[in-house]
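Chemist: Mind having a look at this structure? Questions to follow.
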Amino acid sequence: MVSTDKLEHAIAVLQAAMAHPPALHTNSFGPEGVVLTHLVTQHAPDIRTVSLDTGRLPEETYAVAEALRRRYGVQIDWYYPDADALRAFTHQHGVNAFYGSTALRRSCCEIRKVEPLNRALAGHSAWVTGRRRDQSAHRADLPEREWDERRGILKFNPLAQWTEADVWAFIRAEDIPYNALHDRNFPSIGCAPCTRAVTLGEDPRAGRWWWEQEGPRECGLHGPARPAPEGEEPTPAAPVLPDAGL
7 MVSTDKLEHA IAVLQAAMAH PPALHTNSFG PEGVVLTHLV TQHAPDIRTV SLDTGRLPEE
67 TYAVAEALRR RYGVQIDWYY PDADALRAFT HQHGVNAFYG STALRRSCCE IRKVEPLNRA
127 LAGHSAWVTG RRRDQSAHRA DLPEREWDER RGILKFNPLA QWTEADVWAF IRAEDIPYNA
187 LHDRNFPSIG CAPCTRAVTL GEDPRAGRWW WEQEGPRECG LHGPARPAPE GEEPTPAAPV
247 LPDAGL
């Protein structure tokens with residue numbers, strides 16, 4: 007079971023985020039997302055829950071979202087890609103263009119994820135994520151509170167200190183619904199065409215965009231940020247406007 011200190015600290019970080027209204031939690035319904043659903047509904051109920059429906063999510067992701075809605079009574083606000091931008095992209099490049107090149111895959115992520123996220127974050131002061139330090143090498147120094155330079159918003163990472171074992175121990179102890187794909191060797195789940203199971207010993211994110219050989223396998227949701235110590239209120243940046251180009 008996760009230690010009492012870690013649990014209480016995560017709750018304190020959530021409540022710090024709630025103290026900067028309006029606050030929202032972006033939930034992709036992975037292990038960290040279901041843990042945060044449990045904690046937010048019990049300890050920080052004023053934090054809004056939003057999710058990005060890319061149009062290509064696995065059915066198992068919708069199933070766990072519905073299970074959480076029923077279990078906790080949480081209202082999930084779904085955001086969708088701009089229909090005109092998506093239509094233009096698929097008309098020009100095809101519905102599975104992301105297999106063609108890294109540039110096309112990133113353009114697809116921009117339309118299906120990044121632009122809807124920017125719309126969701128607009129007007130909010132605090133953003134709660136489920137990122138952890140042990141998820142990857144470039145997150146090893148992840149602060150619990152940071153300032154998103156591009157979007158001009160405080161970002162809170164309540165589970166930064168938690169390990170993968172902590173997350174799963176908490177899920178099992180509290181009997182929290184989780185994505186059934188995790189039981190089939192899918193540790194990291196995104197869009198269905200861009201996610202595969204991993205084999206024993208593979209990096210947990212090896213199943214994401216596995217055909218790409220170079221560059222970071224990221225979708226662009228988390229841009230440049232810097233630590234924001236408690237008590238510091240950074241100067242807001244200009245708002246991020248949707249990118250009209252492809």
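Read left to right, the sequence shown gives residues 7 to 252 (this note's numbering). Ideal Cβ placement from N, Cα and C applies to all residues, glycine included. These figures come from a predicted structure and were not determined experimentally.
How would you write the range of the alpha helix (DSSP H) that residue 70 sits in, first residue to last?
Modeler: Position 64 of the sequence shown, counted from the start, is the residue given in the question as residue 70. Residues 65 to 78.
Chemist: Apart from the five residues just before and just after residue 75, which ones in its own chain have a Cβ nearer than 7 Å to its Cβ?
Modeler: As a working mapping, residue 75 is identified with position 69 in the sequence shown. Contacts found: 82.
Chemist: Could you have a look at residue 154 and say whether DSSP puts it in helix, strand or coil?
Modeler: Here residue 154 corresponds to residue number 148 of the sequence shown, with the count starting at 1. Strand.
Chemist: Please state the DSSP three-state secondary structure of residue 96.
Modeler: Position 90 of the sequence shown, counted from the start, is the residue given in the question as residue 96. Residue state, collapsed to three classes: helix.
Chemist: From the DSSP output, read off the bridge partner residues of residue 83.
Modeler: As a working mapping, residue 83 is identified with position 77 in the sequence shown. Residue 83 is bridged to 56.
Chemist: Just confirm the distance between the C-beta atoms of residue 70 and residue 191, as a whole number of angstroms; I'd bet it's less than 8 Å.
Modeler: For the purposes of this step, residue 70 is taken as the residue at position 64 of the sequence shown. For the purposes of this step, residue 191 is taken as the residue at position 185 of the sequence shown. With 8 Å as the limit, residue 70 and residue 191 do not qualify as a contact, their Cβ atoms being about 17 Å apart.
Chemist: Is residue 206 helix, strand or coil by DSSP?
Modeler: Within the sequence shown, numbered from 1, the residue matching residue 206 stands at position 200. It is coil, neither helix nor strand.
Chemist: In the DSSP assignment, what are the bridge partners of residue 134?
Modeler: For the purposes of this step, residue 134 is taken as the residue at position 128 of the sequence shown. In the DSSP output, where bridge partners are listed per residue, residue 134 has 31 and 162.
Chemist: The alpha helix (DSSP H) spanning residue 119 covers which residue range?
Modeler: Indexing the sequence shown from 1 puts residue 119 at position 113. That residue, residue 119, is in no alpha helix (DSSP H); it is neither H nor E in DSSP.
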